[in-house]
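A.B. asks:
Number of protein chains: 4
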Amino acid sequence: MSYTELKRQVYEANMELQVRNLVIYTFGNVSQIDRQKGVIAIKPSGVSYEKMQPEDMVIVDLDNQIVEGKLRPSSDTKTHTHLYRHFDAIGGVTHTHSTYATAWAQAKMPIPCLGTTHADFVHGEIPCTAEMTDEQIKRDYEEETGVQITECYRGQDPMAAPMVIVAGHAPFTWGVDAAKSVYHAALLEEIARMAYLTRTLAPQGSLLSQAILDKHYLRKHGKDAYYGQKS
Amino acid sequence: MSYTELKRQVYEANMELQVRNLVIYTFGNVSQIDRQKGVIAIKPSGVSYEKMQPEDMVIVDLDNQIVEGKLRPSSDTKTHTHLYRHFDAIGGVTHTHSTYATAWAQAKMPIPCLGTTHADFVHGEIPCTAEMTDEQIKRDYEEETGVQITECYRGQDPMAAPMVIVAGHAPFTWGVDAAKSVYHAALLEEIARMAYLTRTLAPQGSLLSQAILDKHYLRKHGKDAYYGQKS
Amino acid sequence: MSYTELKRQVYEANMELQVRNLVIYTFGNVSQIDRQKGVIAIKPSGVSYEKMQPEDMVIVDLDNQIVEGKLRPSSDTKTHTHLYRHFDAIGGVTHTHSTYATAWAQAKMPIPCLGTTHADFVHGEIPCTAEMTDEQIKRDYEEETGVQITECYRGQDPMAAPMVIVAGHAPFTWGVDAAKSVYHAALLEEIARMAYLTRTLAPQGSLLSQAILDKHYLRKHGKDAYYGQKS
Amino acid sequence: MSYTELKRQVYEANMELQVRNLVIYTFGNVSQIDRQKGVIAIKPSGVSYEKMQPEDMVIVDLDNQIVEGKLRPSSDTKTHTHLYRHFDAIGGVTHTHSTYATAWAQAKMPIPCLGTTHADFVHGEIPCTAEMTDEQIKRDYEEETGVQITECYRGQDPMAAPMVIVAGHAPFTWGVDAAKSVYHAALLEEIARMAYLTRTLAPQGSLLSQAILDKHYLRKHGKDAYYGQKS
Numbered sequence: 001m002s003y004t005e006l007k008r009q010v011y012e013a014n015m016e017l018q019v020r021n022l023v024i025y026t027f028g029n030v031s032q033i034d035r036q037k038g039v040i041a042i043k044p045s046g047v048s049y050e051k052m053q054p055e056d057m058v059i060v061d062l063d064n065q066i067v068e069g070k071l072r073p074s075s076d077t078k079t080h081t082h083l084y085r086h087f088d089a090i091g092g093v094t095h096t097h098s099t100y101a102t103a104w105a106q107a108k109m110p111i112p113c114l115g116t117t118h119a120d121f122v123h124g125e126i127p128c129t130a131e132m133t134d135e136q137i138k139r140d141y142e143e144e145t146g147v148q149i150t151e152c153y154r155g156q157d158p159m160a161a162p163m164v165i166v167a168g169h170a171p172f173t174w175g176v177d178a179a180k181s182v183y184h185a186a187l188l189e190e191i192a193r194m195a196y197l198t199r200t201l202a203p204q205g206s207l208l209s210q211a212i213l214d215k216h217y218l219r220k221h222g223k224d225a226y227y228g229q230k231s
Numbered sequence: 001m002s003y004t005e006l007k008r009q010v011y012e013a014n015m016e017l018q019v020r021n022l023v024i025y026t027f028g029n030v031s032q033i034d035r036q037k038g039v040i041a042i043k044p045s046g047v048s049y050e051k052m053q054p055e056d057m058v059i060v061d062l063d064n065q066i067v068e069g070k071l072r073p074s075s076d077t078k079t080h081t082h083l084y085r086h087f088d089a090i091g092g093v094t095h096t097h098s099t100y101a102t103a104w105a106q107a108k109m110p111i112p113c114l115g116t117t118h119a120d121f122v123h124g125e126i127p128c129t130a131e132m133t134d135e136q137i138k139r140d141y142e143e144e145t146g147v148q149i150t151e152c153y154r155g156q157d158p159m160a161a162p163m164v165i166v167a168g169h170a171p172f173t174w175g176v177d178a179a180k181s182v183y184h185a186a187l188l189e190e191i192a193r194m195a196y197l198t199r200t201l202a203p204q205g206s207l208l209s210q211a212i213l214d215k216h217y218l219r220k221h222g223k224d225a226y227y228g229q230k231s
Numbered sequence: 001m002s003y004t005e006l007k008r009q010v011y012e013a014n015m016e017l018q019v020r021n022l023v024i025y026t027f028g029n030v031s032q033i034d035r036q037k038g039v040i041a042i043k044p045s046g047v048s049y050e051k052m053q054p055e056d057m058v059i060v061d062l063d064n065q066i067v068e069g070k071l072r073p074s075s076d077t078k079t080h081t082h083l084y085r086h087f088d089a090i091g092g093v094t095h096t097h098s099t100y101a102t103a104w105a106q107a108k109m110p111i112p113c114l115g116t117t118h119a120d121f122v123h124g125e126i127p128c129t130a131e132m133t134d135e136q137i138k139r140d141y142e143e144e145t146g147v148q149i150t151e152c153y154r155g156q157d158p159m160a161a162p163m164v165i166v167a168g169h170a171p172f173t174w175g176v177d178a179a180k181s182v183y184h185a186a187l188l189e190e191i192a193r194m195a196y197l198t199r200t201l202a203p204q205g206s207l208l209s210q211a212i213l214d215k216h217y218l219r220k221h222g223k224d225a226y227y228g229q230k231s
Numbered sequence: 001m002s003y004t005e006l007k008r009q010v011y012e013a014n015m016e017l018q019v020r021n022l023v024i025y026t027f028g029n030v031s032q033i034d035r036q037k038g039v040i041a042i043k044p045s046g047v048s049y050e051k052m053q054p055e056d057m058v059i060v061d062l063d064n065q066i067v068e069g070k071l072r073p074s075s076d077t078k079t080h081t082h083l084y085r086h087f088d089a090i091g092g093v094t095h096t097h098s099t100y101a102t103a104w105a106q107a108k109m110p111i112p113c114l115g116t117t118h119a120d121f122v123h124g125e126i127p128c129t130a131e132m133t134d135e136q137i138k139r140d141y142e143e144e145t146g147v148q149i150t151e152c153y154r155g156q157d158p159m160a161a162p163m164v165i166v167a168g169h170a171p172f173t174w175g176v177d178a179a180k181s182v183y184h185a186a187l188l189e190e191i192a193r194m195a196y197l198t199r200t201l202a203p204q205g206s207l208l209s210q211a212i213l214d215k216h217y218l219r220k221h222g223k224d225a226y227y228g229q230k231s
């Protein structure tokens, strides 16, 4: 894929954040990787969605060095590249401060699986990272944010829960490409909102049974999936 | 009614889900029955509202066999046909994951009748199904979802509460045709939202009295109704 | 004022309910009185905002007899005329089931004055009527709804709190004309929403002091008001 | 800067309040100072956003005397001028009754720093003023509102927390110009909403650590900031 095409796809995915009401002002950023070339395209830092153009996307390698672009990349770039280096299957990463997902992050709580809307997309709870230590913050904050995330997935398939909330901060989501990572960001926000409403309505409410959780996840994902159209 | 006209009406009803903010992405599905022909038209599985066309609706018989259509029908088709087989008076069925109704479903609680907005449309509480057993889930999940619903209405008129919430899942609603089932889905969402706000504001608040509940329901429904225009 | 002009003003005020997101479908109704002619114009019953035309408004006298119009008037007409007969200063009445105001009605609680947004428009709490007895409901429900409201204002100026919530039901508001009654309906909804958020955030929070309440109300209302432009 | 240009900028900033859903009807007001001329331009009192024109802005000196303009200035003018006289670095002031910020004001609670969204813009909690005494209210209410605010910032940099909530009332925000003060009003509303959701979800939730708070604030502000583009 040419840089031009990569940047166009990342631009479109970033603009979708606004259409889906996941960001205000310059909040949020989306990237996509070209694994063959070993580079990502990512949103520039602090540029408003109204002014942003496809050519403003920045090409960065996996050591966080700018390969092409006149603007500074997102200040969260090191978190993105950390995820690409550790999760082989992912092709796109999204970071937002969407309201309900961020409320769960601020509460420092994983989102329990309370219903089939959740189980349709995530096979179990949506993890919440540990809080970062003061040493980590001083060392390399954005890199260490990535470390906190990948620590949550030791021995786990990152595609079975393609969304995480970073304690005290906000969500990161991923997918096979930039567009899918934004799709997961929008789903997370809706799941987080439903879970908020459920927990404030019925604080002691029980979880979804493992059997329904498996049923809903597996009717959409895996070799026996029957949701959607044959591709 | 021709298949073309049936599919057009079902298409319009599905599109209304988006206008009323009851769905995101490919969530939700609406069907309508032609009782004479013994078939329903239903939304195809996993197709986005932006791309969907009237001719994409799938014609299915009451044994869930495709009669006409190139796409797979909604993965919830067996729940729809179960309802049509058991509720003679209904002509349309809607399934959504609308936010507040789904929060009540996740809380696994029926929606109590707390005010006249509710009583104008539902004669009593909005039922919540029992949780499904692991055996049911393994047997035939979508069919059993229908069973859970019809079990709630043993000896009850399904038109007196044309909306139900499925525990751990989300709502189903119905009406004389597809359009009316969507209307009930929108009303349910608003009733569920008001009930959420009432219960979080006044957790021990008392129910609406039976006398006002009857008054509001019966001024809109039944032989002495005086709401609306003479038809 | 001609019937045509009265109906036009009432039509405009009804349409404003939708613009302000205070109603869905056929919910809500607004009326205005011509005191000289002893008639009101009011929304017809059960007609959608999309189809409604100015000429559909119904002219009714204060004994609830139709003076002009082909459609049935709102089923809440008797409540409107009751208010016009008992509150001399009012020229318009609005009834909605707006979400947050209705939640307070369902909680059967008056809205306490918690801040200056409230005090800018209402001099004290927003009253909640007593619950209606079964006898009242059987006697003449809509007339008795008016009785419940006027009972709240014995010895009180209805213009100092031009909005009330009817227990288990929903709000009524009024003003010098139909447009002002809709304005008060929109303000009530916002005040009710702020009060809901305040009470769920700080259940034991204290009221606004009487001194600030008086200050804010009186800088906008009465002979020493200094808010707005000289008329 | 000419009065015409000052008024145009203040007009644009006021109109932005509506675009950002921070006001309804005539709520809210924004001003900007020309420090060289010792005057501010401010929204006229009680004029709707739909009708307002740039030339309606009122030029007022720091003693609250009208310098130019046919309309009365905002009834909150004395609070604005008080802030300009005491906070040397500020160039614009915004007052709204935005919903969630006002809920915190009505709860009479400062907004604790619960996450990085907050820490990105405010270095610590968002202060809540003390309640005003009856004597203050009688003396000069709008001037004393300013006093309550500046009392909160004794020995503090007002730019490190460019937003405050006035107990029982609503927020004031400021910035280097009118546009930035509106930007801070919109950020405050979002921070207040996230904090409301966090506190109702996890009432005993812990604060953000001082180390992350510093990290996020300082990566956007101060000499070592690295967020955004080099100017």
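Chains as they are written, first to last, in UniProt numbering: chain A, 1 to 231; chain B, 1 to 231; chain C, 1 to 231; chain D, 1 to 231. Quick reminder that beta carbons are idealized off the backbone N, C-alpha and C, glycines included.
Should C/Lys138 go down as buried or exposed, given a rule of 16 or more other Cβ atoms within 10 Å for buried?
C.D. replies: exposed
A.B. asks: Within 8 Å, do at least three Cβ pairs link the stretch 42-57 of chain A to the stretch 122-137 of chain A?
C.D. replies: Three or more beta-carbon pairs separated by less than 8 Å are not found between the stretch 122-137 of chain A and the stretch 42-57 of chain A, which leaves the two stretches without contact.
A.B. asks: On the DSSP letters alone, give me the boundaries of the alpha helix (DSSP H) that D/His118 sits inside.
C.D. replies: Thr116 to Ala119
A.B. asks: Run through DSSP, which three-state label would A/Met163 get?
C.D. replies: strand
A.B. asks: Counting only Cβ-Cβ distances shorter than 8 Å, please list the residues of the stretch 186-198 of chain A near chain D, keeping chain order.
C.D. replies: Tyr196
A.B. asks: Report the option in B/Gly91, B/Tyr11 and B/Pro171 whose CA atom is closest to the CA atom of residue 237 of chain B.
C.D. replies: In the structure displayed, chain B extends from 1 to 231; residue 237 of chain B sits before or after that span and is not available.
A.B. asks: Hey, does A/Ile212 have any beta-carbon neighbour from chain B nearer than 8 Å?
C.D. replies: yes
A.B. asks: What ranges does the alpha helix (DSSP H) occupy inside the stretch 161-231 of chain B, keeping only unbroken runs of at least 4 residues that lie completely in it?
C.D. replies: 178-201 and 210-220
A.B. asks: I need the boundaries of the beta strand (DSSP E) containing C/Asn29, first residue and last residue.
C.D. replies: Asn29 to Asp34
A.B. asks: For a contact defined as C-beta to C-beta under 7 Å, what are the partners of A/His169 on chain D?
C.D. replies: Within 7 Å Cβ-Cβ: Gly115 and Thr116.
A.B. asks: Starting from A/Lys180, find everything on chain B with Cβ-Cβ shorter than 8 Å and list it in chain order.
C.D. replies: Under the 8 Å cutoff, chain B gives no residues; its nearest Cβ is about 12 Å from A/Lys180.
A.B. asks: Just to confirm my understanding: we take B/Asp56, look at its own chain, exclude 5 residues before and 5 after, and list those with CB closer than 7 Å. What are they?
C.D. replies: Only Pro44, Val47 and Leu71 meet the Cβ criterion.
A.B. asks: Cβ atoms of D/Glu142 and D/Asp63: under 8 Å apart, would you say?
C.D. replies: no
A.B. asks: Name the chain B residues whose beta carbon is nearer than 7 Å to that of A/Ala202?
C.D. replies: Ala107 and Met109
A.B. asks: Only counting the same chain, and skipping five residues up and downstream in sequence, which positions put a Cβ closer than 8 Å to that of D/Lys223?
C.D. replies: none
A.B. asks: Rounded to the nearest angstrom, what separates C/Ser74 and C/Leu6 at their Cα positions?
C.D. replies: 16 Å
A.B. asks: Kindly list the residues whose CB is nearer than 6 Å to the CB of B/His97, restricted to its own chain and excluding five residues on each side of it in sequence; keep chain order.
C.D. replies: Phe27 and Ala170
A.B. asks: What is the DSSP secondary structure of D/Asp61, counted as helix, strand or coil?
C.D. replies: strand
A.B. asks: For C/Lys215, would you say it is in contact with chain D, using Cβ-to-Cβ distances shorter than 8 Å as the test?
C.D. replies: yes
A.B. asks: Is the Cβ-Cβ distance between D/Ile90 and D/Leu188 less than 8 Å?
C.D. replies: In this structure, D/Ile90 sits away from D/Leu188, with a CB-CB distance that is not shorter than 8 Å.
A.B. asks: Measure the alpha-carbon distance for D/Asp120 versus A/Ala105 and round it to whole angstroms.
C.D. replies: 15 Å
A.B. asks: Work out the CA separation of B/Ile33 and B/Pro54 for me, nearest whole Å.
C.D. replies: 16 Å
A.B. asks: Relative to the C-alpha of C/Arg35, which candidate in C/Leu213, C/Asp61 and C/Val10 has its C-alpha closest?
C.D. replies: C/Asp61
A.B. asks: Would you report the Cα separation of C/Ser209 and D/Met109, rounded to the nearest angstrom?
C.D. replies: 16 Å
A.B. asks: Pick out whichever of A/Tyr3, A/Asn14, A/Cys128 and A/Ser2 has its Cα sitting closest to the Cα of A/Ala179.
C.D. replies: Of A/Tyr3, A/Asn14, A/Cys128 and A/Ser2, the residue nearest in Cα terms is A/Asn14.
A.B. asks: Helix, strand or coil: how does DSSP classify A/Cys128 here?
C.D. replies: Correct three-state label for A/Cys128: strand.
A.B. asks: Beta-carbon of C/Leu71 versus every beta-carbon of chain B: anything under 8 Å?
C.D. replies: yes
A.B. asks: Given a cut-off of 8 Å, decide if D/Ile24 and C/Glu16 are closer than it, judged by their beta-carbon atoms.
C.D. replies: Cβ distance not < 8 Å, so C/Glu16 and D/Ile24 don't count as in contact.
A.B. asks: Between C/Tyr226 and chain D, is any beta-carbon pair separated by less than 8 Å?
C.D. replies: Chain D, which has a Cβ nearer than 8 Å to the Cβ of C/Tyr226, makes this yes.
A.B. asks: Since C/Thr94 and C/Ser181 are thought to touch, with beta carbons under 8 Å apart, how far apart are those beta carbons, to the nearest angstrom?
C.D. replies: Correct: roughly 4 Å between the Cβ atoms.
A.B. asks: Taking 7 Å as the line, does the beta carbon of D/Gly175 fall inside it for any heavy atom of the ligand ZN?
C.D. replies: Although the ligand ZN was asked about, the structure shown includes no ligands whatsoever.
A.B. asks: In terms of residue numbering, what span does the beta strand (DSSP E) encompassing D/Thr94 cover?
C.D. replies: Gly92 to His95
A.B. asks: Pull out every residue of the stretch 21-53 of chain D whose Cβ sits closer than 9 Å to any Cβ of chain C, in chain order.
C.D. replies: When C-beta distances to chain C are compared with 9 Å, the residues of the stretch 21-53 of chain D below that value are Ile24, Tyr25, Thr26, Phe27, Pro44, Ser45, Gly46 and Val47, in chain order.
A.B. asks: Would you call B/Glu144 buried or exposed, if buried means 16 or more other Cβ atoms sit within 10 Å of its Cβ?
C.D. replies: buried
A.B. asks: Along the beta strand (DSSP E) that carries B/Ala41, what are the first and last residues, could you check?
C.D. replies: Following the DSSP letters along the chain, one finds B/Ala41 inside the beta strand (DSSP E) bounded by residues Val39 to Ile42.
A.B. asks: Select from the stretch 122-155 of chain C all residues with a C-beta closer than 8 Å to any C-beta belonging to chain B, and list them in chain order.
C.D. replies: Within the stretch 122-155 of chain C, the qualifying residues are Glu131, Met132, Asp134, Ile137, Lys138 and Tyr141.
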